[in-house]
Every structure is written in structure tokens, then in C-alpha cells.
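Protein chains in written order, with this note's numbering: chain A, 1 to 308; chain B, 309 to 637; chain C, 638 to 945. We put the beta carbon where it would ideally sit given N, CA and C, even for glycine. As C-alpha cells, the structure follows; a few thoughts come after it.
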């Protein structure tokens, strides 16, 4: 009979030198997909527009034109030309500059609304999923209650409740949108928490005496967050659209703020005469939205266990 | 020896994947006669399921490729046959049951309907005729209250009953060969015995040939006439069950036998076979078992052919066979 | 099946009350005096104001208002619109059919396109056709409906003149273009869903069993695979119908269709709180009711669900 052998740990480790982790695997999958790079490019482009619009627009402020927006009323409503790539708007301002500056508001609103939704959603979802019982019932039923009202209707109601037409500001819109999005995240996150909760290492952490807070944040969160991450990315694309829609309806951002929604809204009445007023902000809107949605898709496929 | 129903000769099956060509089955040959029970033994990944799925034509043909050999049922060569020809053989002549009856049954259709489908599709039976025959069949395989059960859905059946339903579906058209791919692995031990008894009984009644895929030596011992042992896609041993059990020839078979814990006799440390099976993408040129074999020799760098042992139809793919090495286990 | 129905119905009740209470609450917070809003700048005589307050119970504590309102609801009385001085039910009778037509036609188009496209794409997985499908649907769902609506109006209506773009005078024809616009975004989502579920179904073991039974590929695909794959898709189509009842606001605005969406935007501008409440509560009830129906459909299609 052979001698009993001890397990050779070095040999075991040698089998898998890459020491694969969930996130490492995901990254390896992501970086091979060309659509990931496309979406990343789109996102970076628009984020760049939002943070440093100066990179994309080269105004040369002069004595007639301190803002650098080239607004000359005489040039109003011209189509695209070599001087004004996107033409000019109703007030004669260079449309390309306008559309570029519009990125900031849209992305800022989308970002903060998403952050609100995600934070609230994760906190409530953790509580509901981890503790269960009455707390879960209350949170879930409330979330269901929010669901029953169509998103846009809810947004309209909340916005009119928060302010009047005159007093409306960007943060009102942000909060309204964010406030309506949390039920979806709660549902989603709660269900992943429920799955992760039962896994062995969570039980192990409990057995070792880890406190609830620690378990929820250090053990459950990193493993439950993937679907929520996917969802949030995709919903950022959606929120960009929602904000524009609200502005179009006249219930969104204040009229004087430079946003794609407002631009499209104004362009709507002049489609025939000046179609370029509609096209360019629409195109930017669509591509910005597309960037996030596409990225969300790529993330989803990278996290999907089937692709391993 | 009776005229063989099913003859497989030098069958090789490959999977063409992104990571390389997987040689799932290499040069497999066997024959099955009426009334015979043949067990294909091996661990996961040994190619046992792939080989019989090739016989049934169930392999997805883009990744899977039949790289060589022939499969003959009666006079018909199955490889390369027209789909319509194969469809008349699959089901009516050669039937198959699978490992997990819950996932193998369509959840949205009633069980009776799924059994009756065999009669309706292959024999053009009317709905009432198909129903009657199905209920009889369900009775025969031991499903109680078949009239009621006929209208139930798979998730309303217990595991054992589901497997009986699968068997009913398979036997509907009185096939000459039944392939059972690990039919009892997903079931409780007591139910396992019942299902094996059922299969034995049916075989006695109909004289059908039975191919049993399993990794469970106990199952093999009670029912098999012949055994084929597979490892890494290759056949490493064949022979009649009884002498296989008494004296396995191949070191792998010996390892398998030794791993079965014994209830009688003094307590021993559990034996296992060291190491892991080789990657099927990268099969070694020599004997596939060499890296784990306790009796490995210099000659083992050369792939061994199946050598006949003794005067019965026993073969083993090992260079050491033919010499008096095997000890009684 | 019946028991399942009752159980679902009971689960809906708390959701209904939470939802309606939230709506009630939020609307009462809306700044501005709803009564004054109906009279613009004019001063309202006291007895007239008192009459209004009496009629709408504005001076009662909130919870009592809610209670009285609910009482009316259960008698199917949604109250009166402050702005229009008409029973809301009556206003509904005019506007609801229009929204319902729009919603139904949209879902019809969605089903018409998304199911075949999804099937086609699934069967041709990984080919150029499939990849194009994925990219095109992604773009489709990144386009906000109002942008698409404006563009459609411009091209189809004005330039090419094939379909009506405004109002409802042309009968059913008026609804075609708006329905197509609505259908476009949702069609993209549903078609992808069809593709995904079908691909998932292709991996199921029972298809292997069906082949082992010697069935034709055609039968394996239609009877065994498709029947299973359609379940989530049909469910989603029903959900779409429910969601669209409240989700046509934008399209109604662009195409001038006086349906419920139109009503609610008007009501917000007019500070017609009773109207807003009425419409919202109706939408909630419609959503819950449709959800119930959807659950029943799902249970009918998938026998596993009935025995929960």
C-alpha cells in the first residue's frame, strides 16, 4: 500500500497561477470586447464635455463676445456652415457650443439622481434583505406602492409638489428623478442580498462573531452589487432621456438653463424651418444615452456566470 | 453469440472549441445484442455520455464532429444518415432516458401528453387512442393512479415517478435498444433500486438491449452482463461483468474497485486514485492514465492498444496486461 | 388557480392603500392655492371660497380627507375637477378611450415586430444579422420617445405626408404614427428579451429529450422550445400595456392626442389638484388590476407557478 500523502499546496496553487477573482475575470472579459471600448469612448467623450467643455469648444472671447458663445442676433437660425458647425440657434448663438455646454447639466443631473437612487436603494435593500421580517414587508410594500404609479406621472407630480415653474432649480429635478428610482434598485438589490445571504462565507463570518454592519458592507455588498451596478449604468442612460423629456414637457429644468431637453423643446416648434435645431442636441442626447446603456450591457455580460 | 443489434466501430468524437480540439471519444468499439445489458463505466468527462449521444445523434453538430468510425443499427449506418432516417430510429427503435428527470421533462405540458406524443407523432394515433395506450404504459412502469397522473405536470411527480414517466416515454414504441444515461444518479437510494428492478423486469419481458451509463460500481454489479471502462475518452477495459469484478485488469479499474468503501472486514483508510484526469484538450501521446498509475513503466509513454486477456472476450489497454500482475481484489 | 388569484388579490390591498395615500399626501403638499388658481388674479368672494372648501373638504384634517376620498372611490366616484367644474368620471369617459386605443395599438405593434425579430436573431446567434440586431435595438432604445416623435412628425407627416400627425380626427389612422413611435423603444427591449429567453430555452434538457423521442426539429422548436420561451415575453407585453396607460404623456403631447396623459399635464399647469389626484389614483388602480391579470396569465401559461 502506498504511503498516505499530504496535500501539496504549492502544486494546487500552481494549477491556477492567475488567482482569479470575480472582478479580475470580469475585467479580462471586458477588455477584449470592442463594444466595451466604444461605450467607454462615448462616456469619456461626454463626461469630458461636462467637466471641461473648453476642450471641445474653442471660443475666443473678444470684446464683442465675452462669453465666447458667438451670439450675434443677426446670425440667428442659420444652418450648419464652416463657421458654425452646428449652425446657430434662435438667438444667434453658435449651436455647437450650446450643445456642448448642454452636456454638463444633463450628465450632472443623471449622475446625482443615480447616486441618490443607488445609495437609498442599497441601504433599504440591505435592510430589507438582511433582516427580513416586518422591516422587509414595510420596505417592499412601500416600494410596490411607488411602482404602481407610472414613472413620468410620478415625476410630474413630485416636481409640481416641490416647486412652481418659476422657482424650479436643477436640484429639484435631480431629487425628483432620484426619488422615483429607488424602488427598482431596492427590489433588485434586495433579491441579490437574499441570494448572497445564504452563502457559506456569510454564515462563516457570522459564526466568527462579525457584527451586522460589517457583514452587510464587507461581505455581502461586494458580492451582491454586480447586478445593481449594471442596472445603474443602464439607468443613467435612461435618466438622461427622462430629464430631457421632462424639460420638453416644460416640467423639467428651468427654461434658461442650457440643456438638451430645453433645446429640443424649443426646436420642436420650428422643425420645418430649422431642422438642425432639432438634430444636433438629439444626436448628442442619443449618443450619450447609448454610451451608458451599451456600457451597462457590456458589464452585464462580463458579470454573467455563463460567460466563464 | 446473438446477432448484434447495434455495432459501434472505432468511433471518435471531437469538439472544436475556441480553446482547442477536445477529443471526447477516441476509437471506441463495442457491440450490443438483444437481451444484453452493457454498462459503460467512467468518471465525469470520460466521454461515456458523449459516446451514446453520438449514437442517438443528439450531439450539437457545430462544435461536435464525428471524427471517424461507424455506428450501425441493423443494416443502417447512422453516421451521415438523413435526418428523416435517424428520426425513425430515434425513439421507435433506440430510446434514451436521462439523468435528471425533472429537467428532462417539459415543465409546461402534462406528463401524459408528453408520453402520448410518442404515439401521436410516430404512429399517427388519435388523441384518445394515444391516451389509452399511455395510461397502460404508465401502469406498466409502476405509476399508481395513472388516469389521474396522466393529467398532472412534471413538478407534481416525485423524483422516482418522474423517472418512471421517462421510462414510459422511452418504451412507448417498443424500442429494441434502451440507453440509460445515469438513470439513478439523481434519485434516492431506495428509489434507485426500484428503478433498476423496473429496467431489469422490462428487459426480461421484451428482450431489449440495455446500455447503462454509470459511475456507480454497485449498480453495474447487479445488472450488467458486460462492462466497458472509459477513461479520458479512451476505452481502457472491456469484458464480462463477472470476471471484471473478480479480477479487474487495468490499473484504473483496480483503482476504482479499491475506492469502494467496504462495510465488511476491518476498517481501512479510504483509498482514492491520486491526481486528476488529464485535460481532454491536451491528451498525452502515451497512456492517458500514466500520470496516476501506481504501476507505471517506461513503456507507458506509448499509447497501449486494447489487448485480449484470457480466453473470454476481455480486453484491457495496458502494457502490463498479459503478464501475471493482477491480484484478486 | 382560484386560490392563487385570491392570494394575489389580498397582497394587492396594502399596496393599493399605501400608493393612494402617498399620492394624496404629495398632492396636498403642492404649493399654491388650487382654488385661487382657478380664478387667476381676481379676488374670490368669501362665500364662494367657502362653497369650494365645503365641496372639496379642504379644511378637514388630511387623514379625514383621505378617508372621505377613499369612500368615494369605492363607489367609483373620482370627484370633480376643480378647473373644469365637471365630474372627473365624465372627463375620463372622453380621454380614456383615446389613451387605451393608443396603448393597445402600440402593444400590437410591439408584439408584431419584437417576437419574430427576437426569434430570428436567436436562431442566427453570433452571425452578422444577430450582431446588427443587437446594435440596432440598442440604438432604438436610446432614442427618447419625444425625439422620435418629433422626427417622425417631421418626416412622415410633414415631408412625406403619409400619415396624420396631429389630433384624432382621422379615426384610427391618427393613432398609427404615435403608436409606432411608442412601439419603437419598447419593441427594442422586448425583442431582446425574446432573444434572450429563447437562447436560454435552447439549453434546456427537455429539448434533448424531445429530440431523443425522434421528433422533428420543427416540432422541437415550436411546440417545446417556443412555448416555454414565450411565457416571459407575453407577460412583458401585458405589463407594457399596463404601463402605457400612464406612459403616453409625451406622445400625446407631441401628437396632440387628448388622452389621459394630456389631461394630467394640463391639470398640473392648472393646479387642478383633484384632477391630478383622480388621474393618479385611476392609474394606480389600473396598474394593480393589470398586474393581477398578468399574474393570472403567467400562472395559466406556466403550471409551476400555480402551486406556489
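Environment of residue i [buried if 16+ CB atoms lie within 10 Å]
i                      : result
residue 584 of chain B : exposed
residue 926 of chain C : exposed
residue 414 of chain B : buried
residue 865 of chain C : buried
residue 95 of chain A  : buried
residue 131 of chain A : exposed
residue 602 of chain B : exposed
residue 379 of chain B : buried
residue 273 of chain A : exposed
residue 119 of chain A : exposed
residue 644 of chain C : exposed
residue 182 of chain A : buried
residue 709 of chain C : exposed
residue 62 of chain A  : Reliability of the predicted coordinates at residue 62 of chain A is poor, the pLDDT of 48 falling under 50, and the value obtained from them is presented with this limitation in mind. Exposed: under 16 other Cβ atoms inside 10 Å.
Residue span of the beta strand (DSSP E) that contains residue i, given as start and end
i                      : result
residue 691 of chain C : It is not in any beta strand (DSSP E) - residue 691 of chain C instead sits in the alpha helix (DSSP H) that spans 683-693.
residue 517 of chain B : 517-522
residue 615 of chain B : 615-617
residue 622 of chain B : 622-624
Per DSSP, the bridge partner or partners of residue i
i                      : result
residue 398 of chain B : B/402
residue 607 of chain B : Answer is none; residue 607 of chain B lacks a bridge partner.
residue 691 of chain B : Because chain B in this structure spans residues 309 to 637, residue 691 of chain B falls outside the shown range and cannot be described.
residue 340 of chain B : B/314
residue 445 of chain B : None, per the DSSP bridge assignment.
residue 348 of chain B : B/521 and B/536
residue 751 of chain C : Residue 751 of chain C pairs with nothing; no bridge assigned.
residue 324 of chain B : B/329
residue 496 of chain B : According to DSSP, which records beta bridges pairwise, residue 496 of chain B is partnered with nothing at all.
residue 88 of chain A  : A/94
Test item: CB-CB of residue i and residue j under 8 Å
i                      : j                      : result
residue 320 of chain B : residue 388 of chain B : no
residue 918 of chain C : residue 655 of chain C : no
residue 225 of chain A : residue 197 of chain A : no
residue 240 of chain A : residue 288 of chain A : yes
residue 252 of chain A : residue 261 of chain A : yes
residue 716 of chain C : residue 725 of chain C : yes
residue 486 of chain B : residue 518 of chain B : yes
residue 622 of chain B : residue 546 of chain B : yes
residue 411 of chain B : residue 841 of chain C : yes
residue 685 of chain C : residue 885 of chain C : no
residue 30 of chain A  : residue 302 of chain A : yes
residue 355 of chain B : residue 508 of chain B : no
residue 732 of chain C : residue 896 of chain C : yes
residue 99 of chain A  : residue 292 of chain A : no
residue 693 of chain C : residue 911 of chain C : yes
residue 512 of chain B : residue 534 of chain B : no
residue 109 of chain A : residue 170 of chain A : yes
residue 579 of chain B : residue 626 of chain B : no
residue 914 of chain C : residue 664 of chain C : yes
residue 105 of chain A : residue 265 of chain A : no
Segment limits, alpha helix (DSSP H) that includes residue i
i                      : result
residue 943 of chain C : 940-943
residue 140 of chain A : 133-147
residue 430 of chain B : 419-431
residue 24 of chain A  : 22-32
residue 709 of chain C : 699-711
residue 195 of chain A : 170-197
Coarse secondary structure for residue i, derived from DSSP in three states
i                      : result
residue 465 of chain B : coil
residue 389 of chain B : coil
residue 331 of chain B : strand
residue 545 of chain B : strand
residue 381 of chain B : strand
residue 724 of chain C : strand
residue 332 of chain A : In the structure as shown, chain A starts at 1 and stops at 308, and residue 332 of chain A therefore has no counterpart that could be examined.
residue 581 of chain B : coil
residue 376 of chain B : strand
residue 877 of chain C : helix
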